[in-house]
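In terms of the working numbering, the sequence shown is residues 146 to 839.
In what follows, a single structure is set out as structure tokens and then discussed.
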Amino acid sequence: MSTHYETRGAQALIRLDHPPVNGLGAALRADLLRSLDRALADAQVTAIVVTGSERAFSGGADVKEFNTPNALREPRLPALIAAFEASPKPVIAAIAGVCMGGGLELALGAHYRVAKADAQIALPEVKLGLLPGAGGTQRLPRAVGLETALNMIASGATMPAAKLKGTALFDEVVDGDPVAAALALAAKVVADKLPRKRLRDAKVSDAQAEAFLQFARNTVGAASKHFPAPLRCVEAVGWSVSKPFDEALRLEREAFLTLMATPQSRALRHIFAAERAAAKIDGVPEGTPLRPIAKVGIVGAGTMGGGIAMNFANAGIAVALLETKQEALDKGVATIRRNYDNSAKKGRLSEAQVAERMALIAPTLGYDAMRDADLVIEAVFEDIAVKQQVFKTLDEVCKPGAILASNTSALNLNTIAGFTKRPRDVIGLHFFSPANVMRLLEIVRGEQTAPDVLATCMAIAKKIKKIGVVSGVCDGFIGNRMLARYGAAANGLLLQGALPQQVDKALEAFGFAMGPFRVGDLAGLDIGWAGRKRRAAENPAAAQRVVADALCEQGRFGQKTGAGWYRYEPGARDPIPDPLVTAIIESFRNERGIAARHVGDDEVVERCVFALVNEGARILDEKIAARASDIDLVYLNGYGFPQHRGGPMLHADIVGLPNVVRALQRFAAEPGAEAWWQPAPLLQQLADDGKTFN
Ligand code: NAD
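Below is the structure:
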């Protein structure tokens, strides 16, 4: 049973009992209806109190039932709420903890509501590309007024019940036990013959309604470019003013179902599920004991080390930050302070918070500070000899059980683990730049990394508000390995006949915040150039000259030199197409005897995005990633893949894998095409079998 039923004198107490958050799955909904009928059938019962646990009245729909037949099983939520609302005996909701989505909609169907002051109230459906589909858009405005309801529904934001005190949402907001208060209120309602208040009977009175709705349409529309849901929320809330209740309910339900079928909602629900799935790691059973992490050591206070240190200080964890020279240490600490000061100037942090966080970061020049660290993250130069020296020293000084992590982008983690006598404690923690901002954390699993080390790092990722995704060891891990193909596809387009500005525009129209050439100019073209020169020296036979080499030879490193793929006016960041670049590209084509052809925007997107998908399929096949949705998370959170498309692998599923395969075959068949354009065997197999990645 997922509800608990008891009588307290003349009152029935129905308790939702479906941990952890009383998700309103099919079984719970059916039980609730049975409990209601039982209370109605019992002549001794005069009033009904509905409550949940201290932790949750109800978190809303049961996410485990998303996309299963159970989600559609009767009684569905609207019918259940209607039954409670129609109850001839007064229904009082007693709310503590989470009261969200369908849970709040259920409470809105009660005749009275009592909440604990710190109960968390929200209609978060918009975050999944939906709107509340069980009366929330109609009853909430009647309870809290048009403006508050609209803000809550269009943003999905959570409010403490205390903030909504004084509105018709709550008859009482209490600090103590809401159930006791609700039982007392129930007794009073019966004794005083107070009416059963139904929100459906209330009117939304707002003289400024139309003006406010118009304002909301403008602001919400502008802020939700690729997503239809927020604007539909505004519209639906508007119906609470303009339409009769039942007609509005019907329209709301229709809008809900329409949104449910949009690719944007599919993408957001995919991301939601992907973030939960990523925490499940092969060979790491749920409940694996975690190693306590109270102090973190960071070796190297450069670009990455400084940002990484901030993540831990922000989470209240003490950090020892190590450099070899005072000068480098001072520079690193000064950068951290400047970052915090900037946040303070923008009002995001108080002076006291800045001081608190700076105090958590202890700069040091000696390894003594690493002795009691529970986790050490190395972020020194990307040079295997330097890493070797650092890991040998860490192995000597760190306490047993300390986790030793490397932030390396491209070196082999197994080799690094081999520098120690404790390879089971070694792991890769690959942060992205700027490390204090970017949400992605690739957690690189070495051949010998211990399960509890993985589990601990996954928990740490959450603690520092990152999306942790486990990757196996390979060149570039998941993200950079895919990025290499994306870059190669974009560069190949230049040889085919496209120009940087066209490639960028097409990919920006697809939804990337910036196309690859603008990103290159922002990041600096010299970094890639140095890498290519190094690799060419190591392996001259495999070296291939690319257009970017010609740009770099002319000192065009991007924004920082005023010119790269574009040119820039002094002090400005707007990319201006440059005929000099066009000439360089043309001479490149001429040297290779390639005649430029017209390249359509669709082809630009197909080549760049399917190159990602194809490499993703190989990564999946090699078990570098455990599941396609992990790859999506990497690309969404580390590489600016458009959220509304849900990641490259979901995008491929939506386009249809046979279509992806056919396009790749076309590209692979062109004269001179590189071998990696051949469809990956796994992709081909899934397409042949009529399956999808997800
Ligand atoms: P950086 O040059 O900005 O910083 C490296 C710092 O390490 C310098 O301050 C240097 O003084 C210090 N250092 C060098 N040897 C040391 C030693 N033996 N002991 C203590 N400190 C030492 O480099 P970065 O960009 O921060 O990169 C650091 C690591 O992170 C590299 O492995 C890199 O591949 C990786 N990484 C970089 C990025 C990025 O975008 N910059 C992204 C992900 C990962």
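Cβ coordinates follow ideal geometry from the N, Cα and C atoms, glycine included.
All values derive from a computational prediction rather than experimental measurement.
Could you give the C-beta distance for E592 and L556, rounded to a whole number, given that I count them as a contact under 8 Å?
Wrong, their Cβ atoms sit about 15 Å apart, outside the cutoff.
What I want to know is whether the C-beta of E587 ends up closer than 6 Å to one or more non-hydrogen atoms of ligand 1.
Not under cutoff, so the answer is no.
Please report the distance separating the alpha-carbon of I842 from that of L574.
The structure shown has nothing for residue 842, since the chain only spans 146 to 839.
Where does A507 fall in DSSP's three states?
In the structure shown, A507 sits in a strand (DSSP, three-state: E or B).
Using a threshold of 6 Å, is the CB atom of E468 nearer than that to any non-hydrogen atom of ligand 1?
Yes; taking the cut-off as 6 Å, the Cβ of E468 has a heavy atom of ligand 1 nearer than that.
Beta carbon of I522, beta carbon of A550: below 7 Å?
Contact flag set, yes.
Taking the straight line between their C-alpha atoms, what separation do you get for E751 and A771?
Approximately 25 Å, taken between the alpha carbons.
Please confirm whether N215 and A171 have their CB atoms less than 7 Å apart.
In this structure, A171 lies closer than 7 Å to N215 by Cβ.
What three-state label does DSSP hand M245 in the structure shown?
M245: strand per DSSP, three-state reduction.
Report yes if the C-beta distance between L670 and F702 is below 7 Å; otherwise report no.
Going by C-beta atoms, L670 is nearer than 7 Å to F702.
Just how far apart, CA to CA, sit L696 and C753?
Those two C-alpha atoms are separated by around 22 Å.
Would M146 be called buried (16 or more neighbouring beta carbons within 10 Å of its own) or exposed?
Flag for M146 reads exposed.
Does the distance from the C-beta atom of G441 to that of I506 stay below 7 Å?
Per the sequence shown, residue 441 should be read as Val rather than Gly. Not in contact: V441 and I506 (Cβ atoms no closer than 7 Å).
Just tell me which of A439, A374, P579 has its CA closest to the CA of T448.
The residue with the shortest Cα to Cα distance from T448 is P579.
Using a Cβ-Cβ cut-off of 6 Å (strictly less than) and excluding sequence neighbours within five positions of G301, which residues of its own chain qualify?
The residues are P269, V271, K272.
With F576 as the anchor, note down where its beta strand (DSSP E) starts and where it stops.
That run of the beta strand (DSSP E) goes 571-576.
Give a single yes or no on whether S842 has its beta carbon closer than 6 Å to a heavy atom of ligand 1.
Residue 842 lies beyond the range of the chain shown here (146 to 839); nothing can be said about it.
Am I right that V805 and L827 are in contact with their C-beta atoms under 8 Å? What's the rounded C-beta distance?
With a Cβ gap of about 12 Å, V805 and L827 do not count as contacting.
Could you check the C-alpha separation between R153 and S350 for me, to the nearest Å?
Using only the alpha carbons, I get a separation of about 38 Å.
Less than 6 Å separating the Cβ of N484 from some heavy atom of ligand 1?
Checking the Cβ of N484 against ligand 1 gives no.
Could you tell me the distance, in whole angstroms, from the CA atom of L328 to the CA atom of Q156?
Approximately 7 Å between the Cα atoms of the pair.
Just to confirm the assignment, what range does the beta strand (DSSP E) spanning A267 have?
It spans 265-267 - the beta strand (DSSP E) in which A267 sits, taken as one unbroken run.
Could you tell me which residues DSSP puts in a beta bridge with V779?
According to DSSP, which records beta bridges pairwise, V779 is partnered with nothing at all.
Return the bridge partner residues of A643 from the DSSP annotation.
In the DSSP output, where bridge partners are listed per residue, A643 has none listed.
Tell me the rounded alpha-carbon separation between V335 and Y257.
Computed Cα separation, rounded: 12 Å.
Per DSSP, what kind of secondary structure is F536 in: helix, strand or coil?
Helix.
In chain order, what residues of the same chain lie with their CB nearer than 6 Å to the CB of A201, ignoring the 5 residues before and after it?
So the list reads V166, N167, G242, V243, once near-sequence residues are dropped.
Kindly indicate which residue of L599, A606, A600 has the alpha-carbon position closest to the one of M583.
Selected option, being the one with the closest Cα: A606.
Beta carbon of G445: closer than 6 Å to some heavy atom of ligand 1?
Result yes, Cβ under 6 Å from ligand 1.
Taking the alpha-carbon positions, what's the E736 to G817 distance?
Going by the C-alpha atoms only, they are around 15 Å apart.
Could you give the distance in angstroms between the alpha-carbon of D570 and the alpha-carbon of A252?
So the two alpha carbons sit approximately 49 Å from each other.
Where in the segment 698-777 do unbroken runs of the alpha helix (DSSP H), each at least 4 residues long, occur, reported from the N-terminal end onward?
Here the runs fully enclosed are 724-736, 746-766.
Judging by CA-CA distance, which residue of P277, V259, K261 is the nearest neighbour of A267?
It is P277 whose Cα lies nearest to the Cα of A267.
Rounded to the nearest angstrom, what separates V692 and A633 at their Cα positions?
Looking at the two C-alpha atoms, the distance is approximately 11 Å.
Could you give the first and the last residue of the continuous alpha helix (DSSP H) run that contains K678?
670-683 is the extent of the alpha helix (DSSP H) around K678.
Using only the alpha-carbon positions, how far apart do V615 and A331 sit?
Cα to Cα, the separation comes out at about 52 Å.
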